[in-house]
Every structure is written in structure tokens, then in C-alpha cells.
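Enquirer: So the sequence shown is residues 1 to 82, counted in the working numbering.
Quick one: this structure, given as C-alpha cells, is what I'll be asking you about.
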Amino acid sequence: MADKLCLPYVNCISSIIAAPDYIGVNPNETDASFELVKVMAKNVQIGIKLDTKDNYLYVATLHTITNGKLQHGIANGRLKKI
């Protein structure tokens, strides 16, 4: 479950998916997945995974990230501007 800081963003998941600002892949994740970041009042990051057994996508994580973490992801190529 999302922490209290993320609760205001739960209702925004569909709009984040529809219009993210950044997309990336977590190099530490072994499953088929990707990350989306939307710059809002805070930088909101969601992780989306593919359930390969049943062939569907689902939101696995929802959390905020700092501007520093966002800029680091952009600088190292992990996040790309959409």
C-alpha cells in the first residue's frame, strides 16, 4: 500500500499512465517492467510490471521521488523525457 505521502496521487494513476513526463527501466528489476514519472506538486513515480503468466500489466509501486533523484535518473540515462 502507498505511504501517506502518496495517497493524494492514487486517484491520479490513470492520468500519470496516460501522460507521464518521464519513462525508464529499473536496472535492478528482473521482471518485465518500466517506470513512469509525473512532475506534479511532487515528483510521482509508478512502477508497472507485466504478469507473464496471466499476461496483464499492473501498477506495482507508487511513491514520490526527490528532484535530486529525478535529475540523477535523467543524467545517468535511466529516465527519458517523453
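For every residue, glycine included, the Cβ atom is placed at its ideal position computed from N, Cα and C.
No experiment lies behind these values; they were computed from the predicted model shown.
#1: Taking the C-alpha atoms as reference points, what is the distance between H63 and V44?
#2: Buried or exposed, going by whether 16 or more other CB atoms sit within 10 Å of the CB of G24?
#3: If you drop the 5 nearest sequence neighbours on each side, which residues of the same chain put their C-beta closer than 8 angstroms to that of K69?
#4: Would you tell me roughly how many angstroms separate the C-alpha atoms of L50 and F34, rounded to the nearest one?
#5: State the start and end residues of the unbroken beta strand (DSSP E) segment that holds L70.
Expert: In short:
#1: 6 angstroms
#2: buried
#3: N43
#4: 9 angstroms
#5: Looking at the DSSP string, L70 is not in any beta strand (DSSP E); the run it does join, the alpha helix (DSSP H), is 67-75.
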